[in-house]
Amino acid sequence: MPLILETVVITRNPDGGHHLVPFGLHAEGDHLIVAPFRPSPTITNLEAHRFLSAAAPADVRVIAGCVTGRRDWPVVPCQAIPGLRLADAFAHAELEVVDREEDEIRPRFRCRVVHQAMHRPFIGYNRAQGAVIEAAILSTRLHMLPPEKIRAEMAYLEIAISKTAGPREREAWDWIGAKIGAALGPAPAPAEQSQG
Ligand SMILES: Cc1cc2nc3c(=O)[nH]c(=O)nc-3n(C[C@H](O)[C@H](O)[C@H](O)COP(=O)(O)O)c2cc1C
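Under the numbering used here, the letters of the sequence shown match residues 2 to 197, in that order.
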């Protein structure tokens, strides 16, 4: 399996605005691969404008926010490509699409790194931040996964939240919990579960 870096990707919209979305970028040699599931505005945008940025957000609320309808996060201009990047990031890369592999489900855009920069020290991991990222991914796969699997994974991830979350991680967790709760409804009582 390739190394997959969970980032916040920004592409340019046809109207000149920008599209901000979490994506896992596959590291292959010197290249990074963006692989959006169809249909996706990111695909349309990259077909029209081949430059994008990818950032490691310093605040996981950006990732949770993007998948719960809160996409208005501060951005700043890129240095070496025409485009924008997330303002509050540990680091970011500015990318250019150099090749495209067709696929009916998930085309792959191969990108070269035009420029990359560090913006603040990264001292260590926090379990709650990891849990928010995992829960955010789960919340974008509600149509693919059985409800009981989602509930079981959320229950496990909540352990890390209860032990290590700060206010930002707690807020991000609550956004995702509300989205998942609205989609799945209340958990069935144990007796109902055993009856199938
Ligand atoms: C950390 C993280 C990584 C993700 N990686 C991908 C990915 O590699 N490909 C994808 O299609 N969606 C991925 N998603 C889901 C998308 O962010 C989400 O479905 C988004 O709305 C799709 O982007 P679009 O608006 O350009 O279609 C990821 C979500 C999270 C939270």
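Where a beta carbon is used, it is the ideal one built from N, C-alpha and C, also for glycine. Note that the structure is predicted; figures quoted are calculated from it, not measured.
Practice prompt. If I'm right that R39 touches I82 with Cβ under 8 Å, what's the distance once you round it to whole angstroms?
Written response: Translated into positions along the sequence shown, residue 39 becomes position 38. Translated into positions along the sequence shown, residue 82 becomes position 81. About 25 Å separates the two Cβ atoms, so there is no contact after all.
Practice prompt. Check whether the Cβ of G25 sits closer than 6 Å to any heavy atom of ligand 1, and report yes or no.
Written response: The residue given as residue 25 occupies position 24 in the sequence shown. Yes, ligand 1 has a heavy atom inside 6 Å of this Cβ.
Worksheet item: For V98, which residues from the same chain have a beta carbon less than 6 Å from its beta carbon, with the 5 sequence-adjacent residues on both sides left out?
Response: Here the question's residue 98 lines up with position 97 in the sequence shown. Only L47, R51, F110 and C112 meet the Cβ criterion.
Fill in: Through-space distance from Q80 to P15, alpha-carbon basis
For the purposes of this step, residue 15 is taken as residue 14 along the sequence shown, with counting starting at 1. For the purposes of this step, residue 80 is taken as residue 79 along the sequence shown, with counting starting at 1. About 21 Å.
Item to complete: Work out the CA separation of L87 and P58 for me, nearest whole Å.
Response: For the purposes of this step, residue 58 is taken as the residue at position 57 of the sequence shown. For the purposes of this step, residue 87 is taken as the residue at position 86 of the sequence shown. P58 and L87: Cα-Cα distance of roughly 7 Å.
Worksheet item: Which of the three DSSP states, helix, strand or coil, is assigned to D175?
Response: Reading the sequence shown from its first residue, position 174 is the one you call residue 175. Three-state result, D175: helix.
Item to complete: Indicate, with yes or no, if ligand 1 has a heavy atom lying under 6 Å from the CB of S41.
Response: Taking the first residue of the sequence shown as 1, we reach residue 41 at position 40. Answer for S41: yes, Cβ within range of ligand 1.
Item to complete: Tell me, to the nearest whole angstrom, how far the beta carbon of H19 is from that of T12; I am working on the premise that it is less than 8 Å.
Response: Counting from 1 along the sequence shown, the entry for residue 19 is found at position 18. Counting from 1 along the sequence shown, the entry for residue 12 is found at position 11. That belief holds up - the Cβ atoms of H19 and T12 are roughly 7 Å apart, short of 8 Å.
Worksheet entry | Local Cβ density within 10 Å of E95, reported as buried at 16 or more and exposed below that | For the purposes of this step, residue 95 is taken as the residue at position 94 of the sequence shown. Looking at its Cβ environment, which holds 16 or more other Cβ atoms inside 10 Å, E95 is buried.
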